[in-house]
Amino acid sequence: MAIVTKKNRAESNTNYAQGGIAAVTSKEDSFELHVRDTLAAGAGLCNEAVVRQIVSEGPARIAELIELGMNFSERDDPANGRRELDLGKEGGHSKRRILHAKDVTGREIERALLNAIAQQPNIEIFENHLAIDLITSQKLGYVGANRCLGAYVFDKKSGNVETFAAPVTLLATGGCGKVYLYTTNPDIATGDGVAMAYRAGAAVADMEFIQFHPTCLFHPKAKSFLVSEAVRGEGGVLKTVEGREFMDEYHPLKSLAPRDIVARAIDTEMKKSGADCVFLDITHKPAKFIIERFPNIYQTCLGYGMDITREPIPVVPAAHYQCGGVVTNVDGETEIAGLYAVGEVACTGLHGANRLASNSLLEAIVCAHRAAETAFRTPHSAFPTPEIPAWQSGDAHNPDEMVVVSHNWDEIRRLMWDYVGIVRTNKRLQRAQARLANLQLEIQEYYWDFIVNSDLLELRNIATVAELIVASALQRPESRGLNYNLDYPAANPEWAQRDTVLRKSS
Ligand code: SIN
Numbered sequence: 117m118a119i120v121t122k123k124n125r126a127e128s129n130t131n132y133a134q135g136g137i138a139a140v141t142s143k144e145d146s147f148e149l150h151v152r153d154t155l156a157a158g159a160g161l162c163n164e165a166v167v168r169q170i171v172s173e174g175p176a177r178i179a180e181l182i183e184l185g186m187n188f189s190e191r192d193d194p195a196n197g198r199r200e201l202d203l204g205k206e207g208g209h210s211k212r213r214i215l216h217a218k219d220v221t222g223r224e225i226e227r228a229l230l231n232a233i234a235q236q237p238n239i240e241i242f243e244n245h246l247a248i249d250l251i252t253s254q255k256l257g258y259v260g261a262n263r264c265l266g267a268y269v270f271d272k273k274s275g276n277v278e279t280f281a282a283p284v285t286l287l288a289t290g291g292c293g294k295v296y297l298y299t300t301n302p303d304i305a306t307g308d309g310v311a312m313a314y315r316a317g318a319a320v321a322d323m324e325f326i327q328f329h330p331t332c333l334f335h336p337k338a339k340s341f342l343v344s345e346a347v348r349g350e351g352g353v354l355k356t357v358e359g360r361e362f363m364d365e366y367h368p369l370k371s372l373a374p375r376d377i378v379a380r381a382i383d384t385e386m387k388k389s390g391a392d393c394v395f396l397d398i399t400h401k402p403a404k405f406i407i408e409r410f411p412n413i414y415q416t417c418l419g420y421g422m423d424i425t426r427e428p429i430p431v432v433p434a435a436h437y438q439c440g441g442v443v444t445n446v447d448g449e450t451e452i453a454g455l456y457a458v459g460e461v462a463c464t465g466l467h468g469a470n471r472l473a474s475n476s477l478l479e480a481i482v483c484a485h486r487a488a489e490t491a492f493r494t495p496h497s498a499f500p501t502p503e504i505p506a507w508q509s510g511d512a513h514n515p516d517e518m519v520v521v522s523h524n525w526d527e528i529r530r531l532m533w534d535y536v537g538i539v540r541t542n543k544r545l546q547r548a549q550a551r552l553a554n555l556q557l558e559i560q561e562y563y564w565d566f567i568v569n570s571d572l573l574e575l576r577n578i579a580t581v582a583e584l585i586v587a588s589a590l591q592r593p594e595s596r597g598l599n600y601n602l603d604y605p606a607a608n609p610e611w612a613q614r615d616t617v618l619r620k621s622s
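One gets this note's numbering by counting positions in the sequence shown from 1 and adding 116 to each.
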């Protein structure tokens, strides 16, 4: 078994997850309540059967993670004098149900999983290897149902393109935050999985639903640093630069309102006042509590000269999570035989039009388990593997001017932020579409003429994903969940159950 990863083995969106994993583990909670909260956040677009399945399988997967060595934060239970899981609260949840490892949950998950993998001699990890494209039977000219046969992969160290032939290929490539100028995501989040699957002919759905996290740290030297929603869950309050609390004007749950509402409220307040940010204030809580519960946020902010136990944290909204993605069932199966997708890259129907906080890692652990069981059960290796030709570079030569690549990277990210952000209009979307079409022509020309490198490959992917987001947003004539369009300020009941599905025309 080969794991191909474009940087080092721990570098992923998961690694930076602060909040945690939503799962029903307490007596005060129930599957029904978790399902209800998920459906409410999803604004009429969740697949209820999928929601029920994922929510109900969460506790078993959590138990498995603990068995693999994952350390969740615990607290004393004064009622019976025992230790129990410390459950956090985040926006949209009616109960405390977020399992976390202080504020570095993702890092702890990665540690436990990589440790477990290290004990498995049949798993090989290929670091600094970036997948370029999936190899499919249709691309090779075979008729009949499309089947994934593996991937062409760029070895960043040697500069060679290698063929990874495989009866089963699973995409776990995360999301596409880097399509936007401001994001909470690390640099790896360039939508590679969605772009590759789309090029291979798989269906991609609901890409208009990009979640903007309300509270990314605002500091000239801080790049993509998230200030977890758990800070608001523990009492943090949003204020304007003048110190005015404003969330009560937008939602009865105030600072803990659903994420789309908080992000739009901050956007409105910033536009009204012309300020560069708003503030998140948790100074009313004891310093000891803040430092113990949020050691990573506390230390990081301290590194930038801010003591969050004494002063409010400057924050801005930033692109955070892709709710749509490659269409899969709850077992991670895509429309292409042998191709699976799990986690943020996939669209299972769990999130609908807006993801409930901390449901993403829940989806990842449940669907990854189901995908593995399904893949082992399915006789993929029984199909004859056609001869796969080696990667052809043709007449491509070394790029003479990388400025074209860096310019197009910047242009896409800025135009997506300005025209396809938290609040959209048809005119802005059309403008974005026209510019992206031009950029695509230039990128395609560059791709065919020059020997590939990682910046170019990632640029090609963010351009494709940007086009998919814009095309999906233009198809949906309503405001629902995360898709807020001033030309259609209300939800349209006719679109309540409709996904925007895109497929590449061949
Ligand atoms: C956070 O910690 O605020 C992020 C949690 C999430 O996106 O689910």
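Beta carbons: idealized from backbone N, C-alpha and C, even for Gly.
Here the structure is a predicted model, which means the values were calculated and not measured.
Open item on the list: Taking contact to mean 3 or more Cβ pairs, one atom from each stretch, closer than 8 Å, check whether the stretch 308-326 and the stretch 126-145 are in contact.
Closed with: Too few Cβ pairs lie closer than 8 Å, so no.
Task: Backbone CA spacing between GLY185 and ILE481 [nearest angstrom] - done: Residue mapping note: residue 185 aligns to position 69 of the sequence shown, counting from 1. Residue mapping note: residue 481 aligns to position 365 of the sequence shown, counting from 1. About 15 Å.
Open item on the list: What does the Cβ neighbour count give for PHE405, buried or exposed, with the cut at 16 atoms within 10 Å?
Closed with: Position 289 of the sequence shown holds residue 405. Residue environment analysis places PHE405 among the exposed positions, since fewer than 16 neighbouring C-beta atoms fall within 10 angstroms of its C-beta.
TODO: Note down the Cα distance separating GLU517 from PRO402, rounded to an integer number of angstroms.
DONE: Here residue 517 refers to the residue found at position 401 of the sequence shown. Here residue 402 refers to the residue found at position 286 of the sequence shown. Distance between the alpha carbons of GLU517 and PRO402 is about 55 Å.
Task: Per-residue DSSP class, three states only, for THR331 - done: The residue you call residue 331 lines up with position 215 of the sequence shown. It is a strand residue.
TODO: Run the CB neighbour count on PHE566, radius 10 Å, all protein chains shown included, and call it buried at 16 or more, exposed below.
DONE: Stepping through the sequence shown from its first residue, residue 566 is reached at position 450. Under a 10 Å Cβ-count criterion, PHE566 is classified as buried, with 16 or more other Cβ atoms of the shown protein chains found around its own Cβ.
TODO: Name, in chain order, the residues that DSSP records as bridge partners for ALA138.
DONE: What you label residue 138 is simply residue 22 of the sequence shown in a count that begins at 1. Looking at the DSSP assignment, ALA138 forms a beta bridge with ILE214.
- [ ] Taking only the alpha-carbon atoms, compute the straight-line gap between GLY454 and SER340 and give it to the nearest angstrom.
- [x] Taking the first residue of the sequence shown as 1, we reach residue 454 at position 338. Taking the first residue of the sequence shown as 1, we reach residue 340 at position 224. For GLY454 and SER340, the distance between alpha carbons rounds to 35 Å.
Task: Whole-angstrom distance between ILE424 and GLU527, CA atom to CA atom - done: Position 411 of the sequence shown holds residue 527. Position 308 of the sequence shown holds residue 424. Near 35 Å, if we compare the C-alpha coordinates of ILE424 and GLU527.
- [ ] Measure the alpha-carbon distance for HIS496 versus THR450 and round it to whole angstroms.
- [x] The residue you call residue 496 lines up with position 380 of the sequence shown. The residue you call residue 450 lines up with position 334 of the sequence shown. Taking the straight line from one Cα to the other gives about 14 Å.
- [ ] Give the straight-line distance between the Cα atoms of GLU594 and LEU472, rounded to the nearest whole angstrom.
- [x] For the purposes of this step, residue 594 is taken as residue 478 along the sequence shown, with counting starting at 1. For the purposes of this step, residue 472 is taken as residue 356 along the sequence shown, with counting starting at 1. Rounded to whole angstroms, the separation of the alpha carbons of LEU472 and GLU594 is 21 Å.
Task: TYR145, DSSP secondary structure in three states - done: Residue numbering aside, residue 145 sits at position 29 when the sequence shown is read from its first letter. According to the sequence provided, residue 145 is Asp. The question's Tyr does not apply to it. Annotated three-state conformation of ASP145 is coil, per DSSP.
Task: Close-in-space but distant-in-sequence residues of the same chain around ILE233 (CB under 6 Å, 5 per side omitted) - done: Taking the sequence shown and counting its residues from 1, one reaches residue 233 at position 117. Only residues of its own chain outside the window of five on either side were considered, and among them ILE239 have a CB closer than 6 Å to the CB of ILE233, listed in chain order.
- [ ] Entirely within the stretch 282-310 and at least 3 residues each: give me those beta strand (DSSP E) ranges in chain order.
- [x] For the stretch 282-310, the full-length beta strand (DSSP E) segments reaching 3 residues or more read 285-287 along the chain.
Task: Cβ pair LEU598, LEU545 closer than 7 Å - done: Position 482 of the sequence shown, counted from the start, is the residue given in the question as residue 598. Position 429 of the sequence shown, counted from the start, is the residue given in the question as residue 545. No, the Cβ-Cβ distance between LEU598 and LEU545 is not below 7 Å.
Open item on the list: As a quick check of your reading: which residues have a C-beta less than 5 Å from at least one non-hydrogen atom of the ligand SIN, in chain order?
Closed with: Residues with a Cβ closer than 5 Å to any heavy atom of the ligand SIN, in chain order: GLN134, GLY135, SER344, GLU345, ALA473, SER474.
Task: Selection from SER172, ARG213, ALA157, ARG152 that minimises the alpha carbon distance to ILE137 - done: On the sequence shown, residue 137 is found 21 positions in, with the first residue counted as 1. Ranking the options by Cα distance to ILE137, first place goes to ARG213.
Open item on the list: Using only CA atoms, which one of GLN613, LEU286, LYS272, GLY158 lies nearest to LEU265?
Closed with: Translated into the one-based positions of the sequence shown, residue 265 becomes position 149. Minimum Cα distance to LEU265 is reached at LEU286.
Task: Span of the alpha helix (DSSP H) around PHE492 - done: Numbered from its first residue, the sequence shown carries residue 492 at position 376. Element bounds for PHE492: 475-493.
Task: Euclidean distance between Cα positions of LEU466 and ALA587 - done: Mapped onto the sequence shown, residue 466 falls at position 350. Mapped onto the sequence shown, residue 587 falls at position 471. Distance between LEU466 and ALA587, taken at the CA atoms: about 22 Å.
- [ ] Enumerate, from N- to C-terminal direction, the unbroken beta strand (DSSP E) stretches of 3 or more residues contained entirely within the stretch 149-193.
- [x] Listed in chain order, they are 190-193.
TODO: Check VAL347 in the structure and name its three-state DSSP category.
DONE: Along the sequence shown, read from residue 1 onward, the residue named residue 347 stands at position 231. Note: VAL347 maps to helix in three-state DSSP.
Task: Spatial distance of ILE377 from ARG409 (CA atoms) - done: For the purposes of this step, residue 377 is taken as residue 261 along the sequence shown, with counting starting at 1. For the purposes of this step, residue 409 is taken as residue 293 along the sequence shown, with counting starting at 1. Here the alpha carbons of ARG409 and ILE377 stand approximately 26 Å from one another.
TODO: Examine the Cβ distances between the stretch 505-514 and the stretch 561-575 and report whether three or more of them are shorter than 8 Å.
DONE: When C-beta atoms of the stretch 505-514 are compared with those of the stretch 561-575, three or more pairs fall below 8 Å, so the two segments count as touching.
Task: Cβ neighbour criterion (16 or more within 10 Å) applied to TRP98 - done: Past the boundaries of the shown model lies residue 98; the chain is included only from 117 to 622, so the question cannot be answered.
Task: Among GLU183, LEU256, ARG576, TYR314, nearest to SER621 - alpha-carbon criterion - done: Against the sequence shown, residue 621 aligns to sequence position 505. If we check each option's Cα against that of SER621, TYR314 comes out closest.
TODO: Report yes if the C-beta distance between LEU573 and ILE248 is below 7 Å; otherwise report no.
DONE: In the sequence shown, counting from the first residue as 1, residue 573 sits at position 457. In the sequence shown, counting from the first residue as 1, residue 248 sits at position 132. Yes, Cβ-Cβ distance for LEU573 and ILE248 is below 7 Å.
Task: Nearest residue (CA-CA) to ASN445, options ALA484, ALA434, GLY419, PRO430 - done: To locate residue 445, count along the sequence shown from 1; it is residue 329. With distances taken between Cα atoms, ASN445 lies closest to ALA484.
TODO: Take GLN254 as the anchor and find which of ASN608, THR501, ASP397 has the nearest alpha-carbon.
DONE: Locating residue 254 in the sequence shown gives position 138, counting from the first residue. The shortest Cα separation from GLN254 among ASN608, THR501, ASP397 belongs to THR501.
TODO: Output yes or no for whether 7 Å exceeds the beta carbon distance between ILE538 and ILE251.
DONE: For the purposes of this step, residue 538 is identified with residue 422 of the sequence shown, where counting begins at 1. For the purposes of this step, residue 251 is identified with residue 135 of the sequence shown, where counting begins at 1. Contact flag unset, no.
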